[in-house]
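Step one of this worksheet: look at the structure below.
Residue numbers (my numbering): 277 to 338.
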């Protein structure tokens, strides 16, 4: 599924590439797009990302 109305910033693409490399390095198997998408939608992951964003907003220099 694609949506041409959504622009993805280079920093987000870089983060996805970093995630792919991390999974490949730590498991010796590259992740599929479906595996990454599934993981990113999990409550624990979403909550961790939310907490990190809130922390960054409170301390923008760290």
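From the three backbone atoms N, C-alpha and C, an ideal C-beta is built for every residue, glycine too. Because the structure is a prediction, the values reported are computed rather than measured.
### Query
With DSSP run on the structure shown, which of helix, strand or coil describes residue 304?
If DSSP states are grouped into helix, strand and coil, residue 304 belongs with coil.
### Query
Mind checking whether residue 286 and residue 296 have CB atoms under 8 Å apart?
The beta carbons of residue 286 and residue 296 sit no closer together than 8 Å.
### Task
Compute the Euclidean distance between the alpha carbons of residue 348 and residue 330, then round it to the nearest angstrom.
What is shown of the chain runs 277 to 338, which leaves residue 348 out entirely.
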